[in-house]
Amino acid sequence: MLKNVLSNNKKQNPVLSVLTYSLNHAEFLKETIDSVFKQQYENFEYIFIDGESTDGTQDILKEYKDIDWLSEPDGECGALSALIKGLGKVSGDYVIQCCVSDGFLDSNWFKDGVEFLENNPDYSLVWALEQRLSEEGLLGEVVHPEYFDFPPPDGRKALISWLATGITYPESNYIVRTKVLKECWPDEKISPEHHKIQPHLGFIFNFHCSNYKSKYFPRVVSWSRIH
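Just so you know, the sequence shown maps onto residues 15 to 241 in the numbering used here.
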């Protein structure tokens, strides 16, 4: 078994950091990674935190010279520990989480999302819609297509909308300022237990409570695989 495997593929001075964590998800890994490198934007680094998988994940990662990856056991909080580990390695001003087995449909999403945040300092996060992908690779329904006609609110009203509907930013595609993500991401020691179990929702809660502002883009930019 490989232990503490570390690549040396660090990119210099990236604007955007793409962050993926995984444990034994090799089956869909190539498709996810390839969707990242099809983006029409070059100034990003790809950081991959592997929880010491035993299914061939590391062999796949070795095929890509532009992924900065680490393989070692996750901490006691699992996914939360892995993400915190990844956040310690990011160099970009912005972060997008690319959930393993998910990926990107819109090759301009990195470019357009970063450009908006660069030009609109009052906003801290951009997001768009996702589409379901079957285990066999077939695209299905767009999630919340009603947002094309009735866009969700931004700002403080976004918190009210989330509490009322249970609908929030899809984990597969939001781009957020790095300093905001680090500030709002749950902590392994002091965060409530439910935030440790669902760190994405813990982040969204802290983001809203800090009164940060998000921007919705009415387009489908990513897929979320069902498996």
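Where is the CB? At the ideal position from N, CA and C, for every residue including glycine.
Cutting at 6 Å between CB atoms, please list the residues of its own chain near residue i, excluding the five before and the five after it.
| i | result |
| --- | --- |
| D88 | G65, S95 and A96 |
| L173 | H222 |
| D120 | V235 |
| G70 | A40 |
| F162 | P232 |
| L139 | Y188, V190 and S228 |
What are the boundary residues of the beta strand (DSSP E) that includes residue i?
| i | result |
| --- | --- |
| Q111 | Y108 to Q111 |
| W309 | Past the boundaries of the shown model lies residue 309; the chain is included only from 15 to 241, so the question cannot be answered. |
| L215 | No beta strand (DSSP E) holds L215; the alpha helix (DSSP H) holding it covers P213 to C223. |
| S36 | L30 to S36 |
Assuming the contact rule is C-beta atoms closer than 8 Å, residue i and residue j should be a hit. Round their C-beta distance to whole Å, please.
| i | j | result |
| --- | --- | --- |
| V235 | F118 | 6 Å |
| S196 | E202 | The residue you asked about is not Ser; residue 196 is Lys in the sequence shown. K196 to E202, Cβ: 13 Å. No contact. |
Keeping to the same chain, check which residues put their C-beta closer than 8 Å to that of residue i; ignore five residues upstream and five downstream.
| i | result |
| --- | --- |
| W199 | L97, I98, L101, P213, G216, F217 and N220 |
| Y55 | L30, N122, F124, K125 and V128 |
| I181 | H158, P166 and S175 |
| W141 | Y183, P184, N187, Y188, I189, S228, K229, Y230 and F231 |
| I110 | L30, S31, V32, L33, F124, G127, N187, Y188, I189 and V190 |
| F42 | V114, S115, R239 and H241 |
| L16 | Annotation note: pLDDT 43 at L16 (below 50); position unreliable, coordinate value reported separately. Same-chain partners within the cutoff: E66, Q72 and S85. |
Got a sec? Which residues, its chain only, sit under 7 Å from residue i by beta carbon, not counting five neighbours each side?
| i | result |
| --- | --- |
| N57 | P28, V29 and L30 |
| D116 | T46, S186, S236, W237, S238 and R239 |
| V104 | S31, L33, I61 and T192 |
| S148 | G154 and I240 |
| Y78 | I47 |
| K44 | I74 |
| G151 | none |
Can you tell me where the alpha helix (DSSP H) with residue i in it begins and where it stops?
| i | result |
| --- | --- |
| L8 | Here the chain covers residues 15 to 241 and nothing more, so residue 8 does not appear. |
| K99 | A93 to L101 |
| V114 | No alpha helix (DSSP H) holds V114; DSSP gives it neither H nor E. |
| V194 | T192 to C198 |
| I204 | Neither: I204 is in no alpha helix (DSSP H) and is coded neither H nor E. |
Taking residue i as the reference, which of the options has the closest Cα?
| i | options | result |
| --- | --- | --- |
| L33 | I74, W83, D73 and T71 | W83 |
| S85 | R170, F62 and Y188 | F62 |
| E207 | D107, L43, V109 and G92 | G92 |
| N134 | L37, S205, K171 and Y226 | Y226 |
| K52 | Q72, S224 and D80 | D80 |
| Q72 | G106, L139 and L37 | L37 |
| V224 | G169, A178 and I204 | A quick correction: the sequence has Ser, not Val, at residue 224. With distances taken between Cα atoms, S224 lies closest to G169. |
| S49 | S138, C113, F164 and D136 | C113 |
| R146 | I204, S67, Y137 and V156 | V156 |
| E144 | E160, L177 and S205 | E160 |
query: Taking only runs of the beta strand (DSSP E) that begin and end inside the stretch 121 to 156, which ones reach a length of at least 3 residues, in chain order?
result: 139 to 147 and 153 to 156
task: Enumerate, from N- to C-terminal direction, the unbroken beta strand (DSSP E) stretches of 3 or more residues contained entirely within the stretch 38 to 83.
output: 58 to 64
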